[in-house]
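Some notes on the structure that comes next.
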Amino acid sequence: MNDSKPWYLSRTIIGVLISLLSKGLVALGYNPSPDIEADLVNLVLLAIGFAGDALAVYGRVKATKGIGRRPGDGDPPLGVGALAATLLLAASLAGPLAACATPAADTPAQRVYALQADLNAGLAVVNAYVHSPDAAARPQVKQSLKSLAATAVAAVLSAQAAVRDGNDAVVPAAVAAASRAVSELGAYLTAHRIAEAADARR
Amino acid sequence: MPAASAILLGIQIAEAVARGIHSAIEAKIAVETMVAEGRDPTPEEWVALTAVTEQLLASIRES
Chain A
3 MNDSKPWYLS
13 RTIIGVLISL
23 LSKGLVALGY
33 NPSPDIEADL
43 VNLVLLAIGF
53 AGDALAVYGR
63 VKATKGIGRR
73 PGDGDPPLGV
83 GALAATLLLA
93 ASLAGPLAAC
103 ATPAADTPAQ
113 RVYALQADLN
123 AGLAVVNAYV
133 HSPDAAARPQ
143 VKQSLKSLAA
153 TAVAAVLSAQ
163 AAVRDGNDAV
173 VPAAVAAASR
183 AVSELGAYLT
193 AHRIAEAADA
203 RR
Chain B
318 MPAASAILLG
328 IQIAEAVARG
338 IHSAIEAKIA
348 VETMVAEGRD
358 PTPEEWVALT
368 AVTEQLLASI
378 RES
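Taken in order, these protein sequences are the chains called A and B. Numbered per my numbering, the first sequence spans residues 3 to 204. Numbered per my numbering, the second sequence spans residues 318 to 380.
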């Protein structure tokens, strides 16, 4: 395990805390079902994700110093709006998608359905960004996002067709390809945020 | 970009994210229901989910 993350984003830790809370409720005479505990874990992670996004936007807007390259460095400086949007996009895509990802999906069809639901969440983010003025100032980023979105949609719809047709021979590869494409879309948003932060420090 | 425009952009994106996330959560609940009932998505469920996918992609392409 090489990558670390804050404790408050750990599904395991949040799950333990929820479990402890449930035990406390049992002591008080209330017996929550395991299903409710699972939902609470997801809701808590989702709430933490949104809180982090809101804090990132607030912090950036309230910052007294701008972020951007010095005049004459070539590309236009990163505006407050672009950074806020990118931070929100990347964090939102990673956080809520992680919280929304369901470990309960059993069959290939259920897994593809869950994957497509995650994709729709990501597409909503991409759609908001590509219509923003910041995207107009960064045509390469915009084009990359459009391309990755189209590729992910095609892959997921192919996987959907495979599972609905019951074509067992192609289902595993189709589902794997769809999962890869959706991951690449999310990875691009995350990597883009990192790249922009690195540019801002030059 | 003026601060007010940055805030508006953030709110618009957050709203879009919230709509997308809400849709994702609804679909997640649907998957858990499917698992509990031991079934795969119905044709109607696929159609509804795909309608959202295609609508979003069409909007992205129009940008």
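Where is the CB? At the ideal position from N, CA and C, for every residue including glycine.
Under 9 Å by beta carbon: chain A residues contacting residue i
i	result
B/A365	What B/A365 touches in chain A: nothing, since even the nearest Cβ is about 11 Å away.
Chain-ordered neighbours of residue i on chain B, where CB pairs are closer than 8 Å
i	result
A/L22	The premise fails here: A/L22 is roughly 23 Å from chain B at the closest Cβ pair, so nothing lies under 8 Å.
A/L121	T370
A/R182	Here the premise fails: no neighbours, minimum Cβ distance about 17 Å.
A/V132	I377 and S380
A/Q162	W363 and T367
A/Q145	In chain order: nothing, as chain B lies at least about 10 Å away.
Helix, strand or coil at residue i according to DSSP, with G and I counted as helix
i	result
A/G188	helix
B/V369	helix
B/G355	coil
A/V172	coil
B/A344	helix
A/A138	helix
A/A107	coil
A/S181	helix
B/S380	coil
A/A86	Residue placement at A/A86 is poorly supported in this model, since its pLDDT is 35, which falls under 50; the coordinates are not used for a value here.
A/I16	helix
A/I196	Residue placement at A/I196 cannot be trusted, given a pLDDT of 34 that sits under 50; the coordinates are not used to answer.
A/G76	Note on A/G76: pLDDT 44, under 50, position unreliable in the model; no value is reported.
Endpoints, alpha helix (DSSP H) assigned at residue i
i	result
A/P141	P141 to D167
A/P8	Neither: A/P8 is in no alpha helix (DSSP H) and is coded neither H nor E.
A/D120	P110 to V132
Among the options, the one whose alpha carbon lies nearest that of residue i
i	options	result
A/V158	A/S146, A/A175, A/K144 and A/Q142	A/A175
B/S376	A/Q162, A/A126 and A/V172	A/A126
B/V348	A/L147, A/A111 and A/G17	A/A111
B/I342	B/E361, B/E371 and B/L366	B/L366
A/N122	B/W363, B/E379 and B/S380	B/W363
B/P358	A/L22, A/P8 and A/T109	A/T109
B/I346	A/A107, A/S12 and A/L19	A/A107
A/Q118	A/L191, A/A161 and A/A130	A/A161
B/R378	A/A164, A/Y190, A/G124 and A/H133	A/H133
A/P183	A/T153, A/A130 and A/V128	According to the sequence shown, residue 183 of chain A is Ala rather than Pro. Nearest of A/T153, A/A130 and A/V128 to A/A183, Cα basis: A/T153.
A/G124	A/T14, A/S181, A/V165 and A/A163	A/S181
A/T192	A/V177, A/D167, A/L19 and A/L147	A/L147
A/L150	A/Y190, A/R166, A/A178 and A/V114	A/Y190
B/A368	A/L23, A/A178, A/V155 and A/G188	A/V155
B/L373	A/R166, A/I16, A/H194 and A/Y131	A/Y131
B/P360	A/R166, A/S12 and A/G188	A/R166
A/V114	A/A163, A/Q145 and A/V128	A/A163
B/T370	A/A116, A/V18, A/H194 and A/Q145	A/A116
A/V128	A/A179, A/T14, A/L19 and A/H194	A/H194
Contact test: residue i Cβ vs the ligand SAM heavy atom, cutoff 6 Å
i	result
B/G355	Absence of the ligand SAM from the depicted structure is noted, as is the absence of any ligand whatsoever, leaving it without description.
Chain B residues whose Cβ lies nearer than 7 Å to that of residue i
i	result
A/T205	Outside the modelled stretch of chain A, which goes from 3 to 204, sits residue 205 of chain A, for which no answer is possible.
A/T109	D357
A/V155	T370 and L374
A/N129	A333, L373, S376 and I377
A/A151	L374 and I377
A/A189	Correct list: empty, because the minimum Cβ distance to chain B is about 18 Å.
A/Q118	L366 and T370
A/Q142	Chain B residues near A/Q142: none, gap ~14 Å exceeds 7 Å.
Where residue i meets chain B, residues with beta-carbon distance less than 9 Å
i	result
A/R166	D357, P358, P360 and W363
Query raised in the report: So does the region 350-357 of chain B actually touch the region 126-146 of chain A, counting three or more Cβ pairs closer than 8 Å?
Result: no
Query raised in the report: Below 8 Å, can you find three or more Cβ-Cβ pairs linking the region 164-173 of chain A to the region 139-155 of chain A?
Result: no
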